[in-house]
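One structure is given below, encoded as structure tokens.
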Amino acid sequence: MMKSIHEPAREIPVAYDCDLCVIGGSCTGVFAAVRAARLGMSVALVESNILLGGMATAAQVNEWHSLYDATHQQQIIGGLTAEVLDRLRRKHALVDLMREERGPYALFNSAALALELDALVQEHESIRVFLKAACVGGIREGNALTAAILEDKSGRRAIRARMFVDASGDGDLLRRTGFAAWRNETLQPVSYQLLIAGLEQIEERTGKGIWSQIRHLSKDFDYPLENATPWINPSHVPADIRNVYGPRLNGVDASNADEVTAAILESRRCHRALLEMIKSRLGQEVAAVSLAHSLGVRETWHARCMHRLTASDLLDGISFSDRIGRGTYPVDIHSSQGTLLRYLNGKEKVLDRDGKVTWRRWREDMGSSPTSYEIPYRCLVPESAENLLVAGRLLDADREAYGGVRVMVNMNQTGEAAGVAAWWALKQGVTVTQVNPRELRRALADGGSLVP
Ligand SMILES: Cc1cc2nc3c(=O)[nH]c(=O)nc-3n(C[C@H](O)[C@H](O)[C@H](O)COP(=O)(O)OP(=O)(O)OC[C@H]3O[C@@H](n4cnc5c(N)ncnc54)[C@H](O)[C@@H]3O)c2cc1C
């Protein structure tokens, strides 16, 4: 039986009083805060890590996918994603690359992105950042929130606000204030990243890929092949560092603290094993450069919202009058069987656990296919909420639709939309359910978003 103790209620100080409180400082949260600040709101941005940027920085996931439609001709994503990519480009902190099936994409230096996000928020005096501050709950009166509760080095404190955005990925504000949330039965796996130096020299010397030379050692070193082979990707910035995406650990609930600890320790054990495998077989020059500051989490909770985005909404390219973002990234589901990528053009790519690739059709050739999909505002509006929106991973989408929208160029747009919608609702004195879709799109477009 679970033991419990009673914690007495207490008075806590109000650390800040503002228009908008954003929980979670990934690019999603930062972009919500910046768009709201540019419209004149005072904003608290609360991040439990020491870095802004979420998965893109703390978990070292350094790839942003295409900003173009499926023909690779028309740009469909603008706003702060394009702005930040330009800033990184000017600082030579990213490389622009091209994939035949998915179009242009960028690999960036995660540390440079974290530094740039600091600069971006510091350019806006009306944003107050709280780092190493975890939201542990909130105060709810009816269907409205009045405060978020934080725990940080100063203790337990409150942020009082008129509007709230939960961009924590796990719904730490949403769920702890009793708004409805749900989870897919099978969650996408977690992974934990390691940066390594020295592999370039080994590959040059041996003329072969690293994994193909050490794979046969995996049993001796207890490297879990049942969770798919690790990706040992070039980081490109800098050129001689590799980004090792650790084994995909399936069945981990990353909103459960004990499971997170176990997954991080197991991932690091695998990284130790990988380094030993390389050293024992290929040479000692390989060295660990850094470990991620956070477990890589693909999925936990989703808010129960006014609309659940479905696979058919996405893959049939359904148009929504309240569209707040567009994308093309395919449905991408990782599981214990491998990876499935389902594209708008009716084709799908299946990678089995050993990395073997099979292409086939999931839809008959119809002559033409949608060239992008749309994300509606309704997926960000929790049922019955008056002044709370969600952004990022928490959005309401079924398993397949989520597999496509979950990438950062899409999540970033949900952050911008939540920030702008919060501003519009406050300005008009209405609830988040009453935001006018046409005016929201106009305000988004005025700030650089491409939502015609
Ligand atoms: C291994 C891996 C590889 C991936 N590859 C790609 C890829 O190549 N390209 C791509 O675009 N996407 C990729 N993704 C998906 C993508 O990274 C995520 O879906 C996306 O980052 C989600 O954005 P988010 O803002 O919702 O969440 P997150 O990036 O997880 O951000 C949530 C933020 O909230 C903070 N937070 C959490 N709880 C609290 C709290 N209680 N109080 C305060 N702050 C809190 C966290 O510290 C974090 O900064 C990958 C994901 C993983 C795990």
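In my numbering, the protein residues as written are 2 to 453.
Each residue gets a CB set at the ideal place from its N, CA and C atoms; glycine is no exception.
* **Coil, strand or helix - GLU84 by DSSP** => Along the sequence shown, read from residue 1 onward, the residue named residue 84 stands at position 83. It is helical.
* Residue of PHE180, TYR344, VAL31 and ARG354 minimising C-alpha distance to TYR330 -> For the purposes of this step, residue 330 is taken as residue 329 along the sequence shown, with counting starting at 1. Nearest C-alpha to TYR330: TYR344.
* To do: Tell me whether VAL15 is buried or exposed, calling it buried when 16 or more other Cβ atoms sit within 10 Å of its Cβ.
  => Residue mapping note: residue 15 aligns to position 14 of the sequence shown, counting from 1. Exposed, by the Cβ-count rule.
* Any heavy atom of ligand 1 closer than 7 Å to the Cβ of ILE128? -> Sequence index remark: in the sequence shown, residue 128 carries index 127 (1-based). Not under cutoff, so the answer is no.
* **Residue range of the unbroken beta strand (DSSP E) whose run includes LYS350** => What you label residue 350 is simply residue 349 of the sequence shown in a count that begins at 1. DSSP places LYS350 in the uninterrupted beta strand (DSSP E) bounded by 348-353.
* Asked: Hey, which unbroken runs of the alpha helix (DSSP H) at 4 residues or more fall wholly within the stretch 87-117?
  -> none
* To do: May I ask you to check if the CB of TYR374 is nearer than 7 Å to at least one heavy atom of ligand 1?
  => Taking the sequence shown and counting its residues from 1, the one referred to as residue 374 is at position 373. For ligand 1, no non-hydrogen atom lies closer than 7 Å to the CB of TYR374.
* To do: Output the boundary residues of the beta strand (DSSP E) element that contains SER291.
  => The count along the sequence shown starts at 1 and reaches residue 291 at position 290. Element bounds for SER291: 288-292.
* Asked: Nearest CA to the CA of GLU365: which residue from ARG243, ARG161 and ASN346?
  -> As a working note, residue 365 is residue 364 in the sequence shown. Of the listed residues, the one whose Cα sits closest to GLU365 is ASN346.
* Does the stretch 212-226 come within contact of the stretch 288-305, defined as at least 3 CB pairs closer than 8 Å? -> no
* Might you give, ordered along the chain, the residues of its own chain that have their beta carbon closer than 7 Å to the beta carbon of LEU195, omitting 5 neighbours on each side? => On the sequence shown, position 194 is the one that residue 195 refers to. Cβ neighbours of LEU195 beyond the five flanking positions: VAL245, GLY247, HIS272, ALA289 and LEU292.
* Asked: Hey, would you say LEU132 sits closer than 8 Å to ILE51, going by beta carbons?
  -> Here residue 132 corresponds to residue number 131 of the sequence shown, with the count starting at 1. Here residue 51 corresponds to residue number 50 of the sequence shown, with the count starting at 1. Yes. Within cutoff.
* Can we count VAL1 as close to ligand 1, meaning its CB is less than 7 Å from some heavy atom? -> There is no way to answer for residue 1, as the model of the chain reaches only from 2 to 453.
* Would you kindly check if the distance between the Cβ of ALA134 and the Cβ of ASP153 is under 8 Å? => Along the sequence shown, one-based indexing puts residue 153 at 152. Along the sequence shown, one-based indexing puts residue 134 at 133. Result yes, Cβ atoms of ASP153 and ALA134 sit closer than 8 Å.
* Asked: CB ASN388 to CB ALA145, shorter than 8 Å?
  -> Within the sequence shown, numbered from 1, the residue matching residue 388 stands at position 387. Within the sequence shown, numbered from 1, the residue matching residue 145 stands at position 144. In this structure, ALA145 lies closer than 8 Å to ASN388 by Cβ.
* Terminal residues of the alpha helix (DSSP H) in which GLN414 lies -> Here the question's residue 414 lines up with position 413 in the sequence shown. Start and end: 409-429.
* Asked: Beta carbon of HIS303, beta carbon of PRO377: below 8 Å?
  -> As a position in the sequence shown, residue 303 is number 302, starting the count at 1. As a position in the sequence shown, residue 377 is number 376, starting the count at 1. It is not a contact, given that the beta carbons lie outside the stated cut-off.
* Determine, using beta carbons only, whether THR415 comes closer than 8 Å to chain C. => Looking at the structure shown, chain C is missing, and only one protein chain is on hand.
* Which listed residue (ASP323, GLU117, PRO190 and VAL408) has its alpha carbon closest to that of GLY95 -> Translated into positions along the sequence shown, residue 95 becomes position 94. First, the amino acid is wrong: residue 95 is Leu here, not Gly. Nearest of ASP323, GLU117, PRO190 and VAL408 to LEU95, Cα basis: GLU117.
* Asked: Since GLY281 is in the alpha helix (DSSP H), which residue starts that stretch and which ends it?
  -> The residue you call residue 281 lines up with position 280 of the sequence shown. Gly is not the amino acid found at residue 281; the sequence shown has Ser there. Boundaries of the alpha helix (DSSP H) harbouring SER281: 258-283, taken from the DSSP string.
* Asked: For ASN244, which beta-bridge partners are listed by DSSP?
  -> Locating residue 244 in the sequence shown gives position 243, where the first residue counts as 1. Checking the DSSP bridge columns, you'll see ASN244 partnered with LEU196 and ASN234.
* To do: Starting from TYR17, follow the alpha helix (DSSP H) in both directions and report where the run begins and ends.
  => Here residue 17 corresponds to residue number 16 of the sequence shown, with the count starting at 1. From DSSP, TYR17 is part of no alpha helix (DSSP H) but of the beta strand (DSSP E) over 15-24.
* **Range covered by the alpha helix (DSSP H) that runs through LEU46** => Start at 1 with the first residue of the sequence shown, and residue 46 comes out as number 45. For LEU46, no alpha helix (DSSP H) segment is defined; the enclosing uninterrupted segment is the beta strand (DSSP E) at 44-47.
* CA-CA distance, VAL436 and VAL35? -> For this step, residue 436 is matched to residue 435 along the sequence shown. For this step, residue 35 is matched to residue 34 along the sequence shown. Those two C-alpha atoms are separated by around 20 Å.
* To do: Kindly identify the DSSP beta-bridge partner or partners of GLN76.
  => On the sequence shown, position 75 is the one that residue 76 refers to. Note: GLN76 sits in a beta bridge opposite TYR69.
* Does ligand 2 have even one heavy atom less than 7 Å from the beta-carbon of TYR246? -> Ligand 2 is not part of this structure, which contains only ligand 1.
* Candidates GLU64, GLY139 and ALA149, of which the one nearest LEU108 by Cα -> Position 107 of the sequence shown holds residue 108. Of the listed residues, the one whose Cα sits closest to LEU108 is GLU64.
* Compare the Cα-Cα distances from ASP241 to each of THR207, GLN202 and VAL253 and report the closest residue. => As a first step, residue 241 must be located in the sequence shown, where it is residue number 240. Comparing Cα-Cα distances from ASP241 to each of THR207, GLN202 and VAL253, the minimum goes to GLN202.
* What residues in its chain sit with their C-beta under 6 Å from that of ILE128, if we drop five residues either side in the sequence? -> To locate residue 128, count along the sequence shown from 1; it is residue 127. Taken in chain order, the residues that qualify are ALA34, ALA38, VAL44, LEU46 and VAL122.
* To do: Tell me GLY339's beta-bridge partners as DSSP assigns them.
  => Along the sequence shown, one-based indexing puts residue 339 at 338. In DSSP, GLY339 forms a bridge with SER336 and ASP353.
* Just the C-alpha distance for GLU286 and TRP425, rounded to the nearest angstrom, thanks. => As a first step, residue 286 must be located in the sequence shown, where it is residue number 285. As a first step, residue 425 must be located in the sequence shown, where it is residue number 424. So the alpha carbons of these two residues sit roughly 56 Å apart.
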